[in-house]
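So the sequence shown is numbered by our numbering: it starts at 47 and just counts up by one.
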Amino acid sequence: MTGLEVGVFVSLLISTVSASVTEKILITPLFEIGELWINASSMLFGRVTTLLTSVPNPYNVTTYVGVVIACLVIYYGYVLFFVPLNRVRKLGDIGYVNEGSWNKREIANMVRQRRKVGAIPPVYPNGWFPVMEAFTLKTGEVKNVSILGLALAVFRDEKGFAHALDAYCPHMGANMAAGGRVCGDSLECPFHAWKFRGEDGKCTSIPYAEKIPDIAKVKSWPILERNRWLYLWFHAEGVEPFWMPPEIEEITRGEWTYRGRSEHIINAHIEEIPENGADVVHLSQVHGPVIGAGIDLRYMWSELWAFARHSWDAKWEAAPPPDGHIGKITLKHSMSLFGKRFPPIDLTVHGQQIGPGIVYLRFTSWFGNGVYIQSLTPIEPMVQKLVHNIYVTKYMPMCVAKFLMLGEAIQVERDVMIWNNKQYCAKPVLVKSKEDSLIARHRRWYSQFYSENSPQLTFKQETLEW
Ligand code: FES
Ligand SMILES: [Fe+2]
Numbered sequence: 047m048t049g050l051e052v053g054v055f056v057s058l059l060i061s062t063v064s065a066s067v068t069e070k071i072l073i074t075p076l077f078e079i080g081e082l083w084i085n086a087s088s089m090l091f092g093r094v095t096t097l098l099t100s101v102p103n104p105y106n107v108t109t110y111v112g113v114v115i116a117c118l119v120i121y122y123g124y125v126l127f128f129v130p131l132n133r134v135r136k137l138g139d140i141g142y143v144n145e146g147s148w149n150k151r152e153i154a155n156m157v158r159q160r161r162k163v164g165a166i167p168p169v170y171p172n173g174w175f176p177v178m179e180a181f182t183l184k185t186g187e188v189k190n191v192s193i194l195g196l197a198l199a200v201f202r203d204e205k206g207f208a209h210a211l212d213a214y215c216p217h218m219g220a221n222m223a224a225g226g227r228v229c230g231d232s233l234e235c236p237f238h239a240w241k242f243r244g245e246d247g248k249c250t251s252i253p254y255a256e257k258i259p260d261i262a263k264v265k266s267w268p269i270l271e272r273n274r275w276l277y278l279w280f281h282a283e284g285v286e287p288f289w290m291p292p293e294i295e296e297i298t299r300g301e302w303t304y305r306g307r308s309e310h311i312i313n314a315h316i317e318e319i320p321e322n323g324a325d326v327v328h329l330s331q332v333h334g335p336v337i338g339a340g341i342d343l344r345y346m347w348s349e350l351w352a353f354a355r356h357s358w359d360a361k362w363e364a365a366p367p368p369d370g371h372i373g374k375i376t377l378k379h380s381m382s383l384f385g386k387r388f389p390p391i392d393l394t395v396h397g398q399q400i401g402p403g404i405v406y407l408r409f410t411s412w413f414g415n416g417v418y419i420q421s422l423t424p425i426e427p428m429v430q431k432l433v434h435n436i437y438v439t440k441y442m443p444m445c446v447a448k449f450l451m452l453g454e455a456i457q458v459e460r461d462v463m464i465w466n467n468k469q470y471c472a473k474p475v476l477v478k479s480k481e482d483s484l485i486a487r488h489r490r491w492y493s494q495f496y497s498e499n500s501p502q503l504t505f506k507q508e509t510l511e512w
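See below:
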């Protein structure tokens, strides 16, 4: 039985039972109903008391069934109310249309090979890019990171500062992220123990040589630790950072707490993802059906889910100088149930697209305020890693914040089906309208992140390896 069928079955059962109960209630005098209620409640209370106070019978199988059920209830209750959400979907898990008896990996490979990507812009724009959530890099730890066409050794020195160095050692090419050790503020190569300082990449020690040549150094990349993320500055012309991602003070001050994350690997050009923010028409099309209708665009219009609908009202504009690298999004979300507004799910969102890799979506809701941090990093020319984190006011119950995070993740997964299969239209057929003109404005705004030497797609990878 699918989830849908179970839902239909349960609804029919409830309506049948409630119809017969209603009929009985109508023909039963009121005082008898009261008496029935009292008898039923005292019987239930008596049974629960007996259960809790009696010594379990070790020879009775129901004792063990009861213990297993109680453990499951406690475990899932604990997860629901105390553990932040972590929803991870790798490339191929979602966003492709099933074909014949192919497995997920084969379908992803096939679609990728036959894809006509279109005349895409450069694949790695300029700006700050998310590298990893800061808590995943412990003091003294080094990680191998492949993003933006770079091979990096990202490490946290003994004082707690994070650094990113080119991973390949200039001596004989060992990968310092594969077995290298953190020593003070430097990273020691695992092959012949040369040490490279995190701050500037200079070699500070060669165990068997007295003089260290000037050319013994690796490139050190600017790293910024902010909003519990590590960001790396990438600029094709080697320009130093000239803008910074703003700090979310509610997170720094600890007023908003972490309640979960989602992670999606997407097969698309990086610009397609933020372009969604200015594409106001797709909101009612792709994100209109209620989240229960699922993520498969073919089935989400089922009549079964027509009783509820999301509505969106959106605006996008570029911020004026000196914040020209920021795009401002205003979103109002509401929900209708059986044609009536259902305000508890209302959200007002004020978003900022900060360069090509970072989006903050601050929201206000019935249950409190918070922010989704959207972090986008190219791990290959046409493969993006998209992570969302949610931070909310402390008094918002964990299960509500997790529901908000899950709702966002499901909506993103519908976009993934579009992104994974689409072509980049360098010259889209836009009609004369407020809606389509926003897309053109977004493209003009985004073009500031490309420069003369921005890397272009030079080859197409034929297979998907992971
Ligand atoms: S290869 Fe790194 S020290 Fe020799
Ligand atoms: Fe979308």
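Each residue gets a CB set at the ideal place from its N, CA and C atoms; glycine is no exception. The model shown is predicted, which means the values in this text are computed figures rather than measured ones.
Out of curiosity, what's the CA-to-CA distance linking residue i and residue j?
| i | j | result |
| --- | --- | --- |
| Cys235 | Asp260 | 17 Å |
| Ile375 | Ala360 | 7 Å |
| Glu81 | Ser88 | 11 Å |
| His310 | Asn149 | 19 Å |
| Arg307 | Ile419 | 9 Å |
| Ala199 | Lys478 | 49 Å |
| Phe495 | Gly173 | 7 Å |
| Met428 | Ser497 | 19 Å |
| Val433 | Lys136 | 12 Å |
| Glu317 | Tyr492 | 8 Å |
| Met442 | Ile485 | 35 Å |
| Gly300 | Tyr214 | 38 Å |
| Pro402 | His371 | 9 Å |
| Leu407 | Pro424 | 21 Å |
| Arg243 | Val134 | 34 Å |
| Cys117 | Asn103 | 18 Å |
| Leu270 | Glu295 | 16 Å |
| Gly453 | Ile337 | 7 Å |
| Leu450 | Asn190 | 32 Å |
| Pro390 | Met463 | 29 Å |
| Leu510 | Gly334 | Reliability fails at Leu510, whose pLDDT of 49 lies under 50, so the model's placement of it is uncertain and the value that follows must be treated cautiously. Leu510 and Gly334: Cα-Cα distance of roughly 32 Å. |
| Phe409 | Gly397 | 8 Å |
| Trp267 | Ala180 | 16 Å |
| Ala165 | Leu503 | 10 Å |
| Pro168 | His315 | 9 Å |
| Leu476 | Val326 | 13 Å |
| Lys263 | Asn221 | 14 Å |
| Glu321 | Ala455 | 17 Å |
| Asn132 | Ile84 | 44 Å |
| Trp358 | Val143 | 27 Å |
If you follow the beta strand (DSSP E) that residue i is part of, which residue opens it and which one closes it?
| i | result |
| --- | --- |
| Ala208 | 208 to 212 |
| Ser192 | 188 to 193 |
| Asn132 | 131 to 135 |
| Val177 | 173 to 179 |
| Ile269 | 269 to 272 |
| Trp148 | Counting along the chain, Trp148 falls outside any beta strand (DSSP E), and DSSP gives it neither H nor E. |
| Tyr277 | 275 to 280 |
Please tell me whether, using a cut-off of 7 Å, the distance from the CB of residue i to the nearest non-hydrogen atom of ligand 2 is below it.
| i | result |
| --- | --- |
| Asp369 | no |
| Asp342 | no |
| Asn322 | yes |
| His328 | yes |
| Asp461 | yes |
| Val332 | yes |
Taking 7 Å as the line, does the beta carbon of residue i fall inside it for any heavy atom of ligand 1?
| i | result |
| --- | --- |
| Phe237 | yes |
| Met218 | yes |
| Cys215 | yes |
| Trp412 | no |
| Trp289 | no |
| Trp240 | yes |
Taking residue i as the reference, give the member of the options with the closest Cα.
| i | options | result |
| --- | --- | --- |
| Phe128 | Gln457, Lys440, Cys471, Glu459 | Lys440 |
| Phe413 | Val438, Phe384, Glu454 | Val438 |
| Asp139 | Ile372, Ile252, Ile312 | Ile312 |
| Ser192 | Ser421, Ser330, Gln430 | Gln430 |
| Phe201 | Leu383, Ile79, Arg227 | Arg227 |
| Pro176 | Trp302, Leu450, Ala210 | Ala210 |
| Ala354 | Lys386, Ile456, Leu329, Leu183 | Lys386 |
| Arg272 | Pro292, Ser266, Trp279, Glu283 | Pro292 |
| Gly141 | Trp465, Glu426, Asp392, Ala208 | Trp465 |
| Phe184 | Arg160, Leu276, Tyr122, Trp83 | Looking at the sequence itself, residue 184 is Lys, so the reference to Phe does not match. When only C-alpha atoms are compared, the closest one is Leu276. |
Alpha helix (DSSP H) containing residue i: first to last residue?
| i | result |
| --- | --- |
| Phe128 | 107 to 128 |
| Trp491 | 480 to 492 |
For residue i, would you say it is in contact with chain B, using Cβ-to-Cβ distances shorter than 8 Å as the test?
| i | result |
| --- | --- |
| Glu301 | You won't find chain B in this structure, because it holds only one protein chain. |
Mind pulling the alpha helix (DSSP H) runs of 4 or more residues that sit fully within the stretch 374 to 458? none
Could you name each continuous beta strand (DSSP E) segment of 3 residues or more that falls completely within the stretch 285 to 372, going from the start of the chain to the end? Listed in chain order, the complete beta strand (DSSP E) runs (minimum 3 residues) inside the stretch 285 to 372 are 302 to 313, 354 to 364.
In chain order, each beta strand (DSSP E) run of at least 3 residues that lies wholly inside the stretch 203 to 258: 208 to 212, 227 to 229, 232 to 234, 241 to 243, 249 to 251
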